[in-house]
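So for the sequence shown, the numbering used here puts the first residue at 258; every next one is plus one. The block underneath contains the structure these notes are about, expressed in structure tokens.
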Amino acid sequence: MSSPKKIIAVLGATGVQGGGVARDLLKDGEFAVRAITRKAESPAALALKELGAEIAVADTSDEAALTKAFEGAYGVFAITDFWALFYKNNFDQKGTEQEEIQHGKNVTNAAKAAGVKHFVWSTLERMKGNYCYHWESKAAVDDYIIASGIPYTCLQTSFYYQNFYNFKMLREESDGSFVLDLGMPADVKMHVYDGASNGDWVLPIFKNPSKYLNSYVLACVEFTSPNDMAAVIAKASGKKVVAKQYTLEEFNSEAHKKALSDEMWLNQNGWVVNGLERDLQKSYDVVPKPRDLEYLVKNDKGFRTLLKLD
258 MSSPKKIIAV LGATGVQGGG VARDLLKDGE FAVRAITRKA ESPAALALKE LGAEIAVADT
318 SDEAALTKAF EGAYGVFAIT DFWALFYKNN FDQKGTEQEE IQHGKNVTNA AKAAGVKHFV
378 WSTLERMKGN YCYHWESKAA VDDYIIASGI PYTCLQTSFY YQNFYNFKML REESDGSFVL
438 DLGMPADVKM HVYDGASNGD WVLPIFKNPS KYLNSYVLAC VEFTSPNDMA AVIAKASGKK
498 VVAKQYTLEE FNSEAHKKAL SDEMWLNQNG WVVNGLERDL QKSYDVVPKP RDLEYLVKND
558 KGFRTLLKLD
């Protein structure tokens with residue numbers, strides 16, 4: 258009789274990152290998946306159940322519920338949602354930073370209490386010369402995880418291509434053309450990737466623990482600019498697509514900060530001031546050929562619907 262599959266508990270299982278991880282784990286078949294969500298009857302949760310996932314209900318604010326949800330799990334993919342808290346807190350950056358740190362601590366404590374053997378945490382690093390609250394909160398949780406002694410892998414993620422349609426950064430003009438508006442000078446380069454492809458990195462992390470335990474892994478597809486991404490979208494879709502242009506003066510104006518929200522402005526400012534040092538080869542060492550923007554424009558439902566390709 259074969260041994261039961263090891264269970265991976267996936268937080269945020271109905272979101273972009275967690276959903277991608279859950280689906281990829283289910284498709285691979287080596288691990289059993291326990292999808293953790295706040296709403297067990299949501300369409301996304303029911304879709305995962307149909308694919309074979311066990312559904313558990315917990316919230317990152319509730320350490321006791323998390324501990325119960327993690328019982329018997331070999332591994333956890335953990336993520337917290339700064340932006341949901343940010344909107345709930347009426348755009349209070351500092352308050353949301355502290356609340357997200359507490360949620361990260363709750364998840365870590367629960368995993369340790371449940372005896373989890375491999376804790377994979379979706380994170381961001383601190384930027385040089387740019388205090389961005391949702392990057393700082395994730396990095397603060399890194400520190401807590403490492404000090405806790407739980408066996409971990411910190412997965413440093415990047416800006417999602419999916420943000421282009423989820424947050425109306427790519428929008429259609431009245432003449433049928435499209436504008437990619439990332440709220441920053443269009444020649445500034447940024448780190449981007451397919452947020453739904455997290456499983457491409459998470460699968461090898463769980464399958465090769467001796468290689469990835471107690472370390473950092475980078476998930477990034479490219480370091481590129483809005484100008485270049487607009488050109489890729491145009492070529493892949495056959496549509497006219499241009500990037501919205503901003504001067505540095507426009508970007509740094511108080512009116513623009515207010516229009517973006519201070520937190521989103523800080524996010525984009527991290528690239529404007531070149532606040533990150535990343536070696537993309539470290540990402541390619543784990544996933545040599547990640548899904549890129551061209552692939553998504555041609556295959557992702559969100560892009561195809563927005564660009565009217567279906």
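Note that beta-carbon positions come from the ideal geometry of N, C-alpha and C, so glycine has one too. In this text, all values refer to a predicted model and were calculated from it rather than measured experimentally.
Segment contact: the stretch 513-531 against the stretch 452-459, fewer than three CB-CB distances shorter than 8 Å; contact not assigned.
In the three-state DSSP reduction, Val364 falls in the helix class (H, G or I). With a 10 Å radius around the Cβ and a threshold of 16 neighbouring Cβ atoms, Pro442 comes out buried. The straight-line gap separating the alpha-carbon atoms of Ala279 and Thr317 is approximately 17 Å. Counting along the chain, the unbroken beta strand (DSSP E) around Gln413 starts and ends at 409-413.
Listed in chain order, the beta strand (DSSP E) runs fully inside the stretch 475-542 are 479-481, 498-500, counting runs of at least 3 residues. Restricted to the stretch 366-429, the alpha helix (DSSP H) segments that are unbroken, complete and at least 4 residues in length are 390-405, 420-423, listed in chain order.
C-alpha of Ala500 to C-alpha of Phe421: approximately 12 Å in a straight line. Taking C-beta atoms as the reference points, Val333 and Val273 fail to come closer than 7 Å. Assignment of Thr324 by DSSP, reduced to helix, strand and coil, places it in the helix class. Using a 10 angstroms sphere on the CB of Val530, the tally of other CB atoms stays under 16, which defines it as exposed. Exposed is the label assigned to Gly433, since fewer than 16 other Cβ atoms lie within 10 Å of its Cβ.
For Lys497, the closest C-alpha among the options Leu564, Thr380, Phe327, Phe463 is that of Leu564.
Residues of the same chain with a CB within less than 7 Å of the CB of Ser299, apart from the 5 flanking positions on each side, are Thr271 in chain order. With a beta-carbon spacing of about 6 Å, Gln413 and Leu381 fall inside the 8 Å limit used to define contacts. Take the alpha-carbon of Tyr473 and the one of Thr410: they are about 6 Å apart. For the 7 Å CB-CB criterion, Leu323 and Ala292 do not form a contact. When secondary structure is reduced to three states using DSSP, Ser472 falls in the strand class. DSSP links Ala266 through a beta bridge to Arg291, Val333. Leu282 is not bridged by DSSP to any residue.
Excluding its 5 nearest sequence neighbours in each direction, Ala397 has C-beta neighbours in its own chain below 7 Å: Ile358, listed in chain order. Closest by C-alpha distance to Ala476, out of Ala326, Val543, Ser394, is Val543.
From the listed residues Ala304, Asp549, Glu534, the smallest Cα separation to Lys385 is found for Glu534. In this structure, Lys555 lies near Ala493, with their beta-carbon atoms less than 7 Å apart. Note on geometry: alpha-carbon atoms of Met426 and Ile407 lie some 38 Å from one another.
Between Phe416 and His448 the beta-carbon gap is near 6 Å, inside 8 Å, which marks them as a contact. Cα atoms of Ala321 and Lys362: separation of roughly 12 Å, rounded to the nearest angstrom.
Put simply, of Phe376, Glu311, Ile490 the residue whose alpha carbon is nearest the alpha carbon of Tyr469 is Phe376. Residue state for Val544 is assigned as coil, using DSSP reduced to three classes.
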